[in-house]
Amino acid sequence: MIATATLPFEFSILIVIMVEDGGSRVLADIQSADDWLLHAQELVPVALDKAREVRGFPGRWKMIISKLEQIPSHLSDLSSHPCFSKNALCKEQLQAVSKTLKEVIELADLCAKEKYEGKLRMQSDLDALSGKLDLNLRDCGLLIKTGVLGEATLPLSVAGTSAEGETAAAHGNLRELLARLQIGHLEAKHRALDSLVEFMKEDEKNVLSVLGRSNIAALVQLLTATSPKIREKTVTVICSLAESGSCENWFVSEGVLPPLIRLVESGSSVGKEKATISLQRLSMSEETARAIVGHGGVRPLIEICQTGDSVSQSAAACTLKNISAVPEVRQTLAEEGIVKVMINLLDCGILLGSKEYAAECLQNLTASNENLRRSVVSEGGVRSLLAYLDGPLPQESAVGALRNLVGSVSIEILISLNFLPRLVHVLKAGSLGAQQAAASAICKVSTTAEMKKLVGEAGCIPLLVKMLEAKLNCVREVAAQAISSLITYSHNCREVKKDDKSVPNLVQLLDPSPQNTAKKYAVSCLASLASSKKCKKLMISYGAIGYLKKLSEMDIPGAKKLLERLERGKLKSLFSRK
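Under UniProt numbering, the first residue of the sequence shown carries the number 1, and numbering increases by one thereafter.
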């Protein structure tokens, strides 16, 4: 009669140990970790003796014997730990070792008596046995290295019913669960992943609090498992951890990028989605963005942009946008066809977010590379960017990309595409960042008298004057720069003079503080307005002379000359009153 004992936890192994006693078979009733240790220690010499008696397959048995000889020292290390008898992992590991030793004895008997089913079958069985011994030795070592044995799981009755006691018990259980990702067979790790996924759904913060680098390494290794299901569950966990933003450096240093990229290439639909979202988060680091390119990640990401579902497409577009922020890899992106793909996303992206990422990517690509600018223009990028401005999405990146491109497009084409009316719309209703980019674009196109005339007629002047009141210095600066360019055309100069706010706003920008980078443009604008007596009086009344004295000492171009004009006007005004 054979009895069985069900071992603790869902990962336990149901094992029946049979010991020959004369002609009868007696069940060894083993319960505690100490009992299992004793049993394993007793099996080792038996297994060694049996193995040494075998004459067939000498090479394979020699390797098995060398591994058997290492088991006693590993068992000693394991049993010498203070928490050896308190942790379920120790007991389960000893069960696994005992099971392997039993297989050694059985195969040695078959080989010695030559009662096996074919030579190739036995060779395969011996290779599998050798692999199990490797696994047992590795896992015994990992139990010590992970430190999980020091986290003996205490029942709540021992830990106490207080919140602190429950938290301590939960941490212990979680550390034990994380350790199971590193030890045992693939099926056991599979079950550990299932439990970890559920644990993270309920209490992700708790998981993050006890996560260690060795656990991250174990997850990365599982990304290359032969089972597609295990890879899919693993990348789901990694995606959640990556999105938490707490362990990106560990993931990258443990080599997560290549297996994630392979999943983007050929994983299941869920695997592709989770891998792409993981890369999206990790690519926020410039160093990691370069590494993704180095590992061949650009092409599969571009393919996802073309063929993926909505979530994957958006994540891939964001990842490529992050990568495009690194100047030295932009040419590599272009060679993989990113320009055409991003323009297509602007036109046909499934999610609005995909369109926004595409606009940001094009802004990055055109920031400093003239060849890429020409490529975007030739692929119809200007038309797509302008059409994007008509939609509901944030406009800053699209206007920024247009600002980068206007120098590579003829004025006739810009006019035919209603470029200026769209810029006016942005200046009226866009975000502050979009307004800044639009003002910068106006600076770049206002290089001829004809274009300055068209910009003025489009109604940009009052909007730029209003921008001089912005809180951000960078916005005030670009507005002042645009006005200083446009004001050289006489009709625009009259428009600025007519605006009651222009002189007061410009005088405020004469502030000599280092933070005010708009002062040189303010001097230029006021110099153009100084031919008007009314404007000169306003400048003086708002304190321009005091500012200009300080700016003259700082050698700001035009400040000294404008100061002299205002002081002469002030002196004439004084004499005329007398």
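In this text, a Cβ means the ideal position worked out from N, Cα and C, and glycines have one as well. Since this is a predicted model, take the numbers as computed values, not measurements.
Flag this pair as touching only if the region 544-559 and the region 512-529 have three or more C-beta atom pairs under 8 Å; answer yes or no. yes
Can you tell me whether CYS247 is helix, strand or coil according to DSSP? On the sequence shown, position 247 is the one that residue 247 refers to. DSSP places CYS247 in coil when its eight states are reduced to three.
Excluding five sequence neighbours on each side, which residues of the same chain lie with their C-beta closer than 7 Å to the C-beta of VAL326? As a working note, residue 326 is residue 326 in the sequence shown. Around VAL326: GLU286, ALA289, ARG290.
For ASP390, which three-state DSSP category applies? As a first step, residue 390 must be located in the sequence shown, where it is residue number 390. ASP390: coil per DSSP, three-state reduction.
Could you pull the start and end residues of the alpha helix (DSSP H) that HIS81 belongs to? To locate residue 81, count along the sequence shown from 1; it is residue 81. It is not in any alpha helix (DSSP H) - HIS81 carries neither H nor E in the DSSP assignment.
Can you have a look at ILE413 and say buried or exposed, based on whether 16 or more other CB atoms are within 10 angstroms of its CB? If you number the sequence shown from 1, residue 413 lands on position 413. Classification for ILE413: exposed.
GLU567 by DSSP, collapsed to three states: which one? Taking the first residue of the sequence shown as position 1, residue 567 is located at position 567. It is helical.
Where does the unbroken alpha helix (DSSP H) through PHE419 begin, and where does it stop? Mapped onto the sequence shown, residue 419 falls at position 419. 419-429 is the extent of the alpha helix (DSSP H) around PHE419.
Ignore the nearest five residues each way along the sequence and tell me which others in VAL329's own chain have a CB closer than 7 Å to its CB. Here residue 329 refers to the residue found at position 329 of the sequence shown. Only ARG290, VAL293, ILE323 meet the Cβ criterion.
Neighbourhood of GLY407 by C-beta distance below 7 Å, restricted to the same chain and skipping five residues each side: Taking the sequence shown and counting its residues from 1, the one referred to as residue 407 is at position 407. So the qualifying residues of the chain are LYS444.
By Cβ distance, which residues of its chain are closer than 6 Å to GLY297, with the 5 residues on each side in sequence left out? What you label residue 297 is simply residue 297 of the sequence shown in a count that begins at 1. Within the same chain, GLY297 has close Cβ partners ILE261.
Just how far apart, CA to CA, sit SER244 and GLU53? In the sequence shown, counting from the first residue as 1, residue 244 sits at position 244. In the sequence shown, counting from the first residue as 1, residue 53 sits at position 53. Their Cα atoms are separated by approximately 57 Å.
LYS471 in three-state terms, based on DSSP: What you label residue 471 is simply residue 471 of the sequence shown in a count that begins at 1. Here LYS471 sits in coil by DSSP.
Is there at least one non-hydrogen atom of the ligand SAM closer than 7 Å to the beta-carbon of CYS305? In terms of ligand content, the structure shown is empty, and the ligand SAM therefore cannot be addressed.
Within 10 angstroms of the Cβ of GLU469, are there 16 or more other Cβ atoms? Answer buried if so, exposed if not. Start at 1 with the first residue of the sequence shown, and residue 469 comes out as number 469. With fewer than 16 other Cβ atoms within 10 Å, it is exposed.
How would you call LEU566, buried or exposed, if buried means at least 16 neighbouring beta carbons within 10 angstroms? Position 566 of the sequence shown, counted from the start, is the residue given in the question as residue 566. Its Cβ being crowded by 16 or more others within 10 Å, LEU566 is buried.
Report the three-state DSSP secondary structure of ILE556 (helix, strand or coil). Working through the sequence shown from its first residue, we reach residue 556 at position 556. The answer is coil: DSSP assigns ILE556 none of H, G, I, E or B.
Pick from ILE540, ILE483, ARG213: whose alpha carbon is nearest that of LEU178? As a position in the sequence shown, residue 178 is number 178, starting the count at 1. That would be ARG213, whose Cα lies nearest to the Cα of LEU178.
With the cut-off set at 8 Å, would you say SER80 and LEU37 are in Cβ contact? For this step, residue 80 is matched to residue 80 along the sequence shown. For this step, residue 37 is matched to residue 37 along the sequence shown. No; because the gap between Cβ atoms is not below 8 Å, this pair is not in contact.
Sequence-distant residues of the same chain with beta carbon closer than 8 Å to ALA367, five excluded per side: Reading the sequence shown from its first residue, position 367 is the one you call residue 367. Here the set comprises PRO327, ASN404.
Are the region 82-96 and the region 59-71 touching by the rule of at least three beta carbon pairs closer than 8 Å? The region 59-71 and the region 82-96 do not touch, with fewer than three beta-carbon pairs separated by less than 8 Å.
Beta-carbon separation (whole angstroms), LEU143 vs ASP125, contact threshold 8 Å: Within the sequence shown, numbered from 1, the residue matching residue 143 stands at position 143. Within the sequence shown, numbered from 1, the residue matching residue 125 stands at position 125. With 8 Å as the limit, LEU143 and ASP125 do not qualify as a contact, their Cβ atoms being about 27 Å apart.
THR517, DSSP secondary structure in three states: As a position in the sequence shown, residue 517 is number 517, starting the count at 1. Three-state DSSP puts THR517 in coil, outside helix and strand.
Identify which residue in VAL207, THR517, LEU529 has its Cα closest to the Cα of TYR489. Translated into positions along the sequence shown, residue 489 becomes position 489. Of the listed residues, the one whose Cα sits closest to TYR489 is LEU529.
What did DSSP end up calling TYR547 once you bin it into helix, strand or coil? As a first step, residue 547 is located in the sequence shown; it is residue number 547 there, counting from the start. The answer is helix: DSSP assigns TYR547 an H, G or I state.
Backbone CA spacing between ASN344 and ASP127 [nearest angstrom]: The residue labelled residue 344 in the question sits at position 344 within the sequence shown. The residue labelled residue 127 in the question sits at position 127 within the sequence shown. ASN344 and ASP127: Cα-Cα distance of roughly 54 Å.
Tell me the rounded alpha-carbon separation between ARG183 and ALA429. As a first step, residue 183 is located in the sequence shown; it is residue number 183 there, counting from the start. As a first step, residue 429 is located in the sequence shown; it is residue number 429 there, counting from the start. Checking the sequence, you will find Ile at residue 183 rather than Arg. Answer to the nearest angstrom: the Cα atoms are 60 Å apart.
Exposure label - LYS115; buried when at least 16 CB within 10 Å: Residue 115 sits at position 115 when you count from the first residue of the sequence shown. LYS115 should be labelled exposed.
Delimiting residues of the alpha helix (DSSP H) encompassing THR319: Here residue 319 is taken as the residue at index 319 of the sequence shown, counted from 1. DSSP places THR319 in the uninterrupted alpha helix (DSSP H) bounded by 310-324.
CA-CA distance, ALA28 and ALA88? Here the question's residue 28 lines up with position 28 in the sequence shown. Here the question's residue 88 lines up with position 88 in the sequence shown. Confidence at ALA28 is low in this model, with a pLDDT of 41, below 50, so the placement of that residue should be treated as unreliable; the coordinate-derived value is given next. Their backbone Cα atoms lie some 20 Å apart in a straight line.
Excluding sequence positions up to five away, which residues of its chain have a Cβ less than 8 Å from the Cβ of LEU137? In the sequence shown, residue 137 corresponds to position 137, counting from 1. Once the five neighbours on either side are set aside, the close Cβ partners of LEU137 are LYS67, GLN70, ILE71, HIS74.
So the alpha helix (DSSP H) SER195 belongs to, where does it begin and stop? Here residue 195 is taken as the residue at index 195 of the sequence shown, counted from 1. Looking at the DSSP string, the run of the alpha helix (DSSP H) that includes SER195 is 186-210.
Excluding the five sequence neighbours on either side, which residues of its own chain have a C-beta within less than 7 Å of the C-beta of GLY456, listed in chain order? As a first step, residue 456 is located in the sequence shown; it is residue number 456 there, counting from the start. The residues are LEU486, TYR489, HIS491, ASN492, GLU495.
Beta-carbon proximity check, LYS113 vs ALA33, cutoff 8 Å: On the sequence shown, position 113 is the one that residue 113 refers to. On the sequence shown, position 33 is the one that residue 33 refers to. Not a contact, by the Cβ cut-off of 8 Å.
Please list the terminal residues of the continuous alpha helix (DSSP H) segment that includes GLN95. Here residue 95 corresponds to residue number 95 of the sequence shown, with the count starting at 1. Note, GLN95: alpha helix (DSSP H), 88-113.
Which of helix, strand or coil DSSP assigns to VAL54: Your numbering for residue 54 matches position 54 in the sequence shown. Correct three-state label for VAL54: coil.
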